[in-house]
Ligand SMILES: N[C@@H](CCC(=O)N[C@@H](CS)C(=O)NCC(=O)O)C(=O)O
């Protein structure tokens, strides 16, 4: 049985969506990152990076959301583009673009606007604008077709959906006016029954939701050096 190491946040959401879309049986293992579960030795043995999601499938251990999406798509043969070098090149480009652009810039935009102990205008502006620039590229791609790779729903749409669900939190409520094609894509995917089941996973465990002082110490251990 597949085990999904999960926290109700954007990167694990992508994997829950894939598993639900593919109808793969899986067990959700909660990793309560605001209580420090990500640093327990058993979890670090699965993901040495100490972040969610991670997944085990028999003797396979895999971490990092976009790697997991590709693993599951290749395992099932589902939600992939045509098996041609051209289509595969396009798929890999967008998968890496989401992994290295959308995820990190949205994450840092949230960090500097909401969680940093000091409000640094330069950092807030830098990450918000770079997050917006990356979403502008996704929006332009979605203006050309229904889905990221054209008319077929693929793992790239699931990868984009994870952070799209948190765009308001990352860059502010003005995002829907800036990125109408992203909004249309988000609304369409969120209405799918699999997306609703994936979203409901957050209620399957009583995760700690507050980001209080204890959670900040756990989530941002590097800040201890500032004291
Ligand atoms: N590159 C990783 C990033 C994973 C990541 O940042 N996960 C967040 C949740 S979305 C997390 O576990 N944060 C807890 C922490 O940083 O301690 C991926 O795409 O899976």
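Residue numbers (the UniProt record's numbering): 1 to 227. Positions of the beta carbon are idealized from the N, C-alpha and C atoms, including for glycine.
Any non-hydrogen atom of ligand 1 closer than 7 angstroms to residue i Cβ
i           : result
residue 42  : no
residue 30  : no
residue 64  : yes
residue 9   : yes
residue 51  : yes
residue 73  : no
residue 149 : no
residue 222 : no
residue 17  : no
Residue i and residue j closer than 8 angstroms at C-beta
i           : j           : result
residue 171 : residue 128 : yes
residue 110 : residue 138 : no
residue 46  : residue 5   : yes
residue 217 : residue 115 : no
residue 219 : residue 52  : no
residue 136 : residue 179 : yes
residue 158 : residue 39  : no
Integer-rounded CB distance, given that residue j should sit under 8 angstroms from residue i
i          : j           : result
residue 90 : residue 149 : 6 angstroms
residue 69 : residue 14  : 6 angstroms
residue 73 : residue 198 : Actually they do not touch by this definition, with Cβ atoms about 16 angstroms apart.
residue 24 : residue 76  : 7 angstroms
residue 21 : residue 79  : 7 angstroms
residue 3  : residue 55  : 7 angstroms
Span of the beta strand (DSSP E) around residue i
i          : result
residue 54 : 54-57
residue 63 : 60-63
residue 3  : 2-6
residue 30 : 26-30
Cutoff 8 angstroms; reference residue i; Cβ partners in own chain excluding five residues on either side
i           : result
residue 10  : 103, 106, 162, 163, 165, 166
residue 36  : 218
residue 209 : 34
residue 211 : 34, 115, 219
Extent of the continuous alpha helix (DSSP H) to which residue i belongs
i           : result
residue 15  : 10-22
residue 171 : 167-171
residue 219 : 213-219
residue 199 : 193-200
residue 228 : Beyond the ends of the chain as shown, which are 1 and 227, falls residue 228; an answer cannot be given.
Interface flag, residue i vs chain B, CB-CB below 8 angstroms
i           : result
residue 171 : Of the protein chains in the structure, only one exists, and it is not chain B.
Contacts around residue i, its chain only, beta-carbon distance under 6 angstroms, and the 5 residues preceding and following it disregarded
i          : result
residue 94 : 148, 156
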